[in-house]
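S.K.: Following the working numbering, the numbering of the sequence shown begins with 532 at its first residue and continues without gaps.
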Amino acid sequence: MKSPRFFYEWNEPMKPKQIEFPKKAMPFNHYLDMFRPPQLVRREMFKKKLEKLIHQGDCEKSGYPDIFYPENKKKLPAWQHKELIRENIGSDKYAALYLKNGYKNAVEQSIMEEENGNVKDQRKESAV
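(1) In three-state terms, what does DSSP make of Q587?
(2) Short of 7 Å in beta carbon distance, which residues of its chain neighbour D597, apart from the five on each side in sequence? Order them along the chain.
(3) Using 8 Å for Cβ pairs, my map puts K579 next to L630. What's the rounded Cβ distance?
(4) Just to confirm, is the Cβ distance from P558 to W610 under 7 Å?
(5) Could you check whether K546 and M565 sit closer than 7 Å to each other, using their CB atoms as the reference points?
(6) Given this structure, state the Cα-to-Cα distance separating H612 from P535, to the nearest angstrom.
(7) Could you pull out every unbroken alpha helix (DSSP H) segment of at least 4 residues lying fully inside the stretch 597–624, listed in chain order?
(8) Kindly indicate which residue of G621, I585 and N542 has the alpha-carbon position closest to the one of Y595.
(9) On a Cα-Cα basis, can you pick out the residue from K605, E543, E644 and E645 that is closest to P568?
(10) Taking the CB atoms as reference points, tell me whether L581 and C590 lie closer together than 7 Å.
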């Protein structure tokens, strides 16, 4: 007999109303990512993961988040340098790059499987 699986349904993160000049300062890349559709972000991360798999052969975290730190600190803008470190560490939206099955938690996995199941069911119905 299988043991039951319990999921916690997380609320969507609260987003402030989008205005031209926000009162609280926030890095623009975080602000813009807040209003992007999650499917678009997932697709972008999936493409990055495929690129890593094709070019490097594996998708593992590097031992050093930014091995060329002094050069990158001088060359890149601050936001881009922080994004590079965040990507190499695998935090925030970049966590999907280094996960074996591509899911952060069981809830996300079940949602994605349901979506994929619905698409497969629709294909079967249209084929008949």
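Every residue gets a Cβ at the ideal spot worked out from N, C-alpha and C, and that includes glycine.
M.R.: So, from the listed chains and residues:
(1) Position 56 of the sequence shown, counted from the first residue, corresponds to residue 587. Residue state for Q587 is assigned as helix, using DSSP reduced to three classes.
(2) Taking the sequence shown and counting its residues from 1, one reaches residue 597 at position 66. Close CB contacts of D597 within its chain, under the 7 Å cut and outside five residues either way in sequence, are with N603, L615, I616 and N619 (chain order).
(3) Numbered from its first residue, the sequence shown carries residue 579 at position 48. Numbered from its first residue, the sequence shown carries residue 630 at position 99. Taking a contact as a CB-CB distance under 8 Å, the pair K579 and L630 does not count as one, their CB atoms being some 13 Å apart.
(4) To locate residue 558, count along the sequence shown from 1; it is residue 27. To locate residue 610, count along the sequence shown from 1; it is residue 79. In this structure, P558 sits near W610, with a CB-CB distance shorter than 7 Å.
(5) One-based indexing of the sequence shown puts residue 565 at position 34. One-based indexing of the sequence shown puts residue 546 at position 15. Cβ atoms of M565 and K546: closer than 7 Å.
(6) Along the sequence shown, read from residue 1 onward, the residue named residue 612 stands at position 81. Along the sequence shown, read from residue 1 onward, the residue named residue 535 stands at position 4. Approximately 44 Å between the Cα atoms of the pair.
(7) The DSSP assignment places complete alpha helix (DSSP H) segments of no fewer than 4 residues inside the stretch 597–624 at 600–606 and 609–620, in order along the chain.
(8) Along the sequence shown, read from residue 1 onward, the residue named residue 595 stands at position 64. Of G621, I585 and N542, the residue nearest in Cα terms is G621.
(9) By one-based count along the sequence shown, residue 568 stands at place 37. Closest in alpha carbon position to P568, among K605, E543, E644 and E645, is E543.
(10) Reading the sequence shown from its first residue, position 50 is the one you call residue 581. Reading the sequence shown from its first residue, position 59 is the one you call residue 590. Taking C-beta atoms as the reference points, L581 and C590 fail to come closer than 7 Å.
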